[in-house]
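Note that this note's numbering has the sequence shown beginning at 635, numbered continuously upward.
To keep things clear, I will list the structure first and then write my remarks on it.
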Amino acid sequence: MNLVLKLLAGIFGGILVGLYLPLPAVELLITAKVLVGQLISFTIPLIILFFIASGIAGLPQGSGHLLGKTVGFAYGSTIVAGTLAFLLISAVIPMFDVSTSFHASEASELKGYIDLEIPPLMGVMTALASAFIFGIGISYQNLTSLKSVVDEGREVIDGLLAKVIIPLLPVYIAGVFADMTVAGTVVSTLSTFGIVLVAAVVMHWLWLTFLYVTTGLMLKRSPLELIKNMMPAYVTALGTMSSAATIPVSLRASKSNQVQEEVANFTVPLCATIHLSGSTITIVTCAMAVMFLSPDLAQPTLGTMLPFIFMLGVVMIAAPGAPGGAVMSALGLLSTMLGFGESALALMIALYLAQDSFGTACNVTGDGVIALWVDKFSRQTQTA
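Printed below as a string of structure tokens:
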């Protein structure tokens, strides 16, 4: 929550700078924004390369049937959640006044004092392909030395995110909003924030309701009892904003739902890494809002959003543990597949971080459903 408060301070600080300080001071803040933005752009392919390669290489061996079922359910949940979010938001957003549109491209003609470019080492798709090749190769051939390299690379990037980029995000957001203030688009932009955030949280609750009602009916269990047992994990995730930190509570909650101990011990920690249905709902909802309300971007259609959702489920594998890790992993896809510019990406970061705790809580509570289904099929395998 300290990060959320700092983010809000950055937004309103940027607005005040744009309104009341002379242009040289605004350009100084924009210089900081440019530098942080270049660092973020440089880091995106490295996030994808090291985190996905490390995640695939670190998948547990010797539990093939449990592993396949867990990964399949987690990916399927992410895809279905993102698709349902697209369908519902497509029906709801056009009801709002489109006159509140904003320009998500460069907000003003102001430039920073330093024109610095830090080209990424590789493109997003190159990083993704490399991550899968090395991750699968390391896992299949049990290359422990190379695995330590990608694991240590992940630690370096995780430290860069946690110690440098995430703390600098309020400055980056302040520069973006100062730029928008000078251009005169900040009021219409802020007016969309509340609607989008409420829509994302409501989508989380609808998705969890769908999961638990469907699972309860199909497994002949009480949906209310199942979700009541998982509520401690939901509340813990709201407070910690971390799926990993919630694992002990999630384990107890899944075992309270009569999931076998060995299945829960395997499924819950793995899902904390690979299952991000709540984060997917948030990113799809926020991305569509930005696209609907920006005349500079193509309007979202099933043809453009479905490939994005499928790729999103992949790039968020082993998303960084730092707050906002999922959206940091998704920035590359937002820019390459949906055409988001710097201002649109900054809005995505701000919107995502403002509700990160709710997205994490949705992820964690959904893990309980996956544990129930893996447990069911595991029991069937044992009795066969």
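Here a beta-carbon is modelled for each residue, glycine too, at the ideal position from N, C-alpha and C.
Note that the structure is predicted; figures quoted are calculated from it, not measured.
- Taking C-beta separations shorter than 8 angstroms and ignoring five residues to either side along the sequence, the partners of T849 in its chain run R855, P857, L860, V1003, L1006 and W1007, following chain order.
- The three-state reading of DSSP puts F944 in helix, counting H, G and I together.
- M864 and N891 have their C-alpha atoms some 8 angstroms from each other.
- The beta carbons of Y986 and V948 sit about 18 angstroms from each other, so the pair does not count as a contact at 8 angstroms.
- Taking C-alpha positions only, A796 is separated from Q1014 by approximately 43 angstroms.
- The count of Cβ pairs closer than 8 angstroms, one atom from the segment 965-973 and one from the segment 754-764, reaches three, so the stretches are in contact.
- Straight through space, the alpha carbons of V924 and A978 are spaced by roughly 7 angstroms.
- P656 and V998 have their C-alpha atoms roughly 47 angstroms apart.
- The Cβ neighbour count for M852, taken over all protein chains shown within 10 Å, is under 16; the residue is labelled exposed.
- For the segment 850-902, the full-length alpha helix (DSSP H) segments reaching 4 residues or more read 857-874 and 881-890 along the chain.
- For S688, the closest C-alpha among the options C905, V783, A984 and V847 is that of V783.
- Counting along the chain, Q775 sits inside the alpha helix (DSSP H) bounded by residues V758 to Q775.
- In the three-state scheme derived from DSSP, where H, G and I count as helix and E and B as strand, L701 is classed as helix.
- DSSP places Q989 in the coil class of the three-state scheme, outside both helix and strand.
- Where G692 is concerned, there is no enclosing alpha helix (DSSP H), because DSSP gives it neither an H nor an E.
- Cβ atoms of E976 and G671 come within 8 angstroms of each other, at about 6 angstroms.
- With a cutoff of 8 angstroms on beta-carbon distance, I908 and A715 are scored as not near each other.
- Taking the C-beta atoms as reference points, A808 is found nearer than 8 angstroms to L663.
- A Cβ-Cβ distance of about 6 angstroms is found for the pair L885 and A898, placing them in contact under the 8 angstroms criterion.
- The beta-carbon distance between A691 and G769, rounded to whole angstroms, is 5 angstroms. This is short enough to meet the 8 angstroms contact definition.
- S711 places its beta carbon less than 8 angstroms from that of S911.
- When secondary structure is reduced to three states using DSSP, Q1014 falls in the helix class.
- CA-CA distance, A995 to F676, rounds to 30 angstroms.
- Residue range G959 to M971 is occupied by the alpha helix (DSSP H) that includes G959.
- If you draw a straight line from the Cα of T880 to the Cα of A867, it comes to about 6 angstroms.
- Between T717 and L904, the C-beta gap is not smaller than 8 angstroms, which leaves the two residues out of contact.
- By a beta-carbon distance limit of 8 angstroms, A643 does not contact T919. Their separation comes to about 24 angstroms.
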